[in-house]
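Below is one structure, written out as structure tokens; the observations come after it.
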Amino acid sequence: GNSVTQMEGPVTLSEEAFLTINCTYTATGYPSLFWYVQYPGEGLQLLLKATKADDKGSNKGFEATYRKETTSFHLEKGSVQVSDSAVYFCALNPRNTPLVFGKGTRLSVIA
Amino acid sequence: GAVVSQHPSWVICKSGTSVKIECRSLDFQATTMFWYRQFPKQSLMLMATSNEGSKATYEQGVEKDKFLINHASLTLSTLTVTSAHPEDSSFYICSARDAGGVSTDTQYFGPGTRLTVL
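If you read the protein sequences in the order shown, they are chains X and L.
The opening position of the first sequence corresponds to residue 21 in my numbering, with each subsequent residue numbered one higher.
The opening position of the second sequence corresponds to residue 1400 in my numbering, with each subsequent residue numbered one higher.
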């Protein structure tokens, strides 16, 4: 079946630290992969996506590369800010069925 | 572009009453919308898939008579929580796919509705 596994949180980093949130997936076929971000009390916002192997999605300093050989889509940012504190969800879209989400990783960035 | 709104953003109601939540795609047409429920500090749980002009498809364990979904137009889906009880208190989030856009695989999410049943 289709599933997404994210690293357990919470993750606490100091401002300007390097961020990696691991995400691996299991899927049939070739799904699109997504990272969504949820700020406190809000819905989800699309952060970035990649639709095929070796694609790199990027936005707001975040990036993730679709790695078919390792079935991974790790999220990275070179220098986090306090405003990046949120919950990050990795997700896949297996052929236009509803998104399959990971459990989410809570990130706290302290000044 | 690709904005989804929800109304109301929060609602408090008495046990036994019904509450309607609206989900609108503001600048695109959505043949398919999704309703999720999220408990504190947890991931999203898909409740149902709403297709314009047809009956919604509910996930296993979701009571269709309790959570009524109507998708009457390409820009509006509604979720009605009937005879609400305190255990229905939760954060409800809708999402929509842009049927005519380039990224038909992408779901755009509303800001959520926090329901509290007293």
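Note that the Cβ used here is the ideal one computed from N, Cα and C, for glycine as well.
Within chain X, the residues that residue i reaches when beta carbons sit closer than 8 Å
i	result
L/Ser1449	Those within 8 Å of L/Ser1449 in chain X number zero; the least Cβ separation is about 11 Å.
L/Ser1442	Phe109, Phe121, Gly122, Lys123 and Gly124
Short CB-CB distance (under 8 Å) between residue i and chain L
i	result
X/Asn113	yes
X/Ala118	Per the sequence presented here, residue 118 of chain X reads as Pro, with Ala not at that position. It does; some Cβ of chain L falls within 8 Å.
X/Lys69	yes
X/Glu184	An answer regarding residue 184 of chain X cannot be provided, because it is not within the stretch 21 to 131 covered by chain X.
X/Leu66	yes
Cross-chain neighbours of residue i in chain L, by beta carbon under 8 Å
i	result
X/Phe38	Near X/Phe38 there are no residues of chain L at all, since even the closest Cβ is about 25 Å away, more than 8 Å.
is_contact[residue i, chain X] using C-beta, thresh 8 Å
i	result
L/Ile1492	yes
L/Pro1510	yes
L/Leu1445	yes
Buried versus exposed, by CB contacts within 10 Å (16 or more), residue i
i	result
L/Lys1463	exposed
L/Ile1468	buried
X/Phe38	exposed
X/Lys97	buried
L/Leu1517	exposed
X/Tyr56	buried
L/His1350	Absent from the structure is residue 1350 of chain L, since the part of chain L shown begins at 1400 and ends at 1517.
X/Gly124	buried
L/Val1402	exposed
X/Gly63	buried
X/Val102	exposed
L/Ser1453	exposed
L/Lys1511	Position check: residue 1511 of chain L holds Gly in this sequence, whereas Lys was assumed. The residue in question, L/Gly1511, is buried, as its Cβ has 16 or more Cβ neighbours within 10 Å.
Within chain L, partners of residue i - CB distance below 7 Å
i	result
X/Glu28	The contacting residues do not exist; X/Glu28 stays about 12 Å from chain L at best.
Own chain partners of residue i with C-beta closer than 8 Å, once the 5 adjacent residues on each side are dropped
i	result
L/Ala1498	Phe1427, Gln1428, Ala1429, Thr1430, Thr1431 and Leu1473
X/Lys69	Ser52, Leu53, Phe54, Trp55 and Gly77
Where the beta strand (DSSP E) containing residue i begins and where it ends
i	result
L/Ala1495	Ser1489 to Arg1496
X/Gly81	Run containing X/Gly81: none; DSSP gives neither H nor E here.
L/Met1446	Leu1443 to Asn1450
L/His1470	Phe1466 to Ser1472
L/Ser1476	Leu1475 to Val1480
X/Asn113	Ala106 to Asn113
L/His1484	No beta strand (DSSP E) contains L/His1484, which DSSP labels as neither H nor E.
X/Lys123	Premise fails: X/Lys123 is in no beta strand (DSSP E) and is neither H nor E.
X/Ala70	Leu64 to Ala70
L/Ser1408	Note, L/Ser1408: premise wrong, no beta strand (DSSP E); not H, not E.
Closer than 9 Å at the beta carbon, the chain X residues around residue i
i	result
L/Phe1433	Pro118 and Leu119
Cβ neighbours of residue i in the same chain (closer than 6 Å, five flanking residues each side left out)
i	result
L/Leu1537	It is not possible to answer for residue 1537 of chain L, since the shown part of chain L is limited to 1400 through 1517.
Close Cβ partners of residue i (< 7 Å) along its chain, the five nearest in sequence each way excluded
i	result
L/Glu1458	Leu1445, Met1446 and Ala1447
L/Thr1456	Ala1447 and Thr1448
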